[in-house]
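First residue of the sequence shown? That's 157 in our numbering, and the numbers climb one at a time after it.
We put the beta carbon where it would ideally sit given N, CA and C, even for glycine.
Here is the structure we will look at.
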Amino acid sequence: MIMPELVASKRSSVLPTAFHVPDPEYWGYVFDGNEMHWTTVFKDKGEAENELRCLQKQLSFELIKTKEDQGFYPERAKIIENQYHKGNCTSGHYNEVNNG
Numbered sequence: 157m158i159m160p161e162l163v164a165s166k167r168s169s170v171l172p173t174a175f176h177v178p179d180p181e182y183w184g185y186v187f188d189g190n191e192m193h194w195t196t197v198f199k200d201k202g203e204a205e206n207e208l209r210c211l212q213k214q215l216s217f218e219l220i221k222t223k224e225d226q227g228f229y230p231e232r233a234k235i236i237e238n239q240y241h242k243g244n245c246t247s248g249h250y251n252e253v254n255n256g
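As structure tokens, then:
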């Protein structure tokens, strides 16, 4: 059974361009597990939040599946243990050995 490659995590947020100034500008970012995507810089935080929502929609952010979404379930533990034994690991650590 070949499982699709999942990203470890994803996140997005609006950040100030500088934390030390009293009236900073803002920009949004989306990290999809592989790449960072940035919005343009805005004087108003609300505008940056709107642009971030557009960027999320453009990148289909909500549809990106992550390993965090999988959670823990007994079948996953069995799959990992089987792969560990198939990989003939002797170190005691499983690190996704594929003898494919």
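Can you tell me whether residue i is helix, strand or coil according to DSSP?
i, result
"residue 257", "With the chain covering 157 to 256 only, the question about residue 257 has no answer from this structure."
"residue 187", "strand"
"residue 217", "helix"
"residue 208", "helix"
Counting only the same chain and skipping the five closest in sequence on each side, list residues whose C-beta sits under 6 Å from that of residue i.
i, result
"residue 220", "166 and 188"
Near residue i, which residues of its chain fall below 7 Å by C-beta distance, leaving aside the five closest residues on each side in sequence?
i, result
"residue 224", "165"
"residue 199", "181"
"residue 232", "226"
"residue 201", "170 and 182"
Does the distance from the C-beta atom of residue i to that of residue j stay below 8 Å?
i, j, result
"residue 184", "residue 218", "no"
"residue 211", "residue 177", "no"
"residue 163", "residue 190", "yes"
Give me the Cα-Cα distance between residue i and residue j, rounded to the nearest whole angstrom.
i, j, result
"residue 181", "residue 243", "51 Å"
"residue 173", "residue 197", "8 Å"
"residue 222", "residue 192", "16 Å"
Tell me whether residue i counts as near the ligand ZN, meaning its Cβ is closer than 7 Å to at least one heavy atom of that ligand.
i, result
"residue 163", "With respect to the ligand ZN, the structure offers nothing, as it holds no ligand at all."
What does a CB cutoff of less than 8 Å around residue i pick up in its chain, not counting 5 residues either side in sequence?
i, result
"residue 213", "none"
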